[in-house]
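Residue numbers (the numbering used here): 779 to 985.
Virtual Cβ for every residue (Gly too), placed ideally from N, Cα, C.
This report concerns only the one structure given below.
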């Protein structure tokens, strides 16, 4: 198969490093903490933004993270081609992170997933391995990952892949185009139903 242009991503070249770059929090002059931060959750945790009806705050999500099935249609497009479209969706919810969506490997189009080099480790879910996502003339390097042998409590993730939204044309949940979690390292998907602040912005490494 002609793999065409390979799109690399520096944050996954070294899985042990974080590369936050998204802006949006201004510094507070009197306390030395970013504006809107509070000491109620500790000096490095932000005040949750208010929610409207039908919205969730990522600060109500647990740690260790919770895994749940969700009634939603999810699709991913690369190089103008839909490489997966499914209602078989599981999401992982962790404090400060927007949801991470895991989709069945079997739901991806034939040839769209190629094993990639490298691995990483999550203290909760276990060892992850990576995949290149391929469509048309494009290859999104290390755009997806799975936990082939998930840790106890996360067995439902076996046989499923999550995808970095920032490395493909678009990811959609129930017809809404998602926004990638800021920072480039984490793989959460932001929709209008979730409210932050989200981990990945500058100064959020301790959240």
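Given this structure, state the Cα-to-Cα distance separating residue 979 from residue 823, to the nearest angstrom.
Here residue 979 is taken as the residue at index 201 of the chain shown, counted from 1. Here residue 823 is taken as the residue at index 45 of the chain shown, counted from 1. The alpha-carbon atoms of residue 979 and residue 823 are separated by roughly 12 Å.
Whole angstroms are fine: how far does the CA of residue 913 sit from the CA of residue 964?
The residue given as residue 964 occupies position 186 in the chain shown. The residue given as residue 913 occupies position 135 in the chain shown. Each residue's CA atom was taken as its position, placing residue 964 and residue 913 some 23 Å apart.
Considering residue 882, what are the terminal residues of the beta strand (DSSP E) in which it resides?
Within the chain shown, numbered from 1, the residue matching residue 882 stands at position 104. In the DSSP annotation of this structure, the continuous segment of the beta strand (DSSP E) that includes residue 882 starts and ends at 878 to 882.
Mark residue 879 as exposed unless 16 or more other C-beta atoms lie within 10 angstroms of its C-beta, in which case mark it buried.
One-based indexing of the chain shown puts residue 879 at position 101. By the Cβ-count criterion, residue 879 is buried, with 16 or more other Cβ atoms from all chains shown falling within 10 Å of its own Cβ.
So residue 854 and residue 949 are in contact, right, with Cβ under 8 Å, and what is the actual spacing, rounded?
Counted from its first residue, the chain shown places residue 854 at position 76. Counted from its first residue, the chain shown places residue 949 at position 171. In this structure, residue 854 and residue 949 form a Cβ contact; the two beta carbons are roughly 5 Å apart against a cut-off of 8 Å.
Tell me which residues share the same chain as residue 984 and place their Cβ nearer than 7 Å to its Cβ, disregarding the 5 neighbours each side in the sequence.
In the chain shown, the residue the question calls residue 984 occupies position 206. So the qualifying residues of the chain are 822.
Backbone CA spacing between residue 870 and residue 918 [nearest angstrom]
Along the chain shown, read from residue 1 onward, the residue named residue 870 stands at position 92. Along the chain shown, read from residue 1 onward, the residue named residue 918 stands at position 140. Computed Cα separation, rounded: 23 Å.
State buried or exposed for residue 955, treating a residue as buried only when at least 16 other CB atoms are found within 10 Å of its CB.
Numbered from its first residue, the chain shown carries residue 955 at position 177. The C-beta of residue 955 has fewer than 16 other C-beta atoms within 10 Å across all chains shown, which makes the residue exposed.
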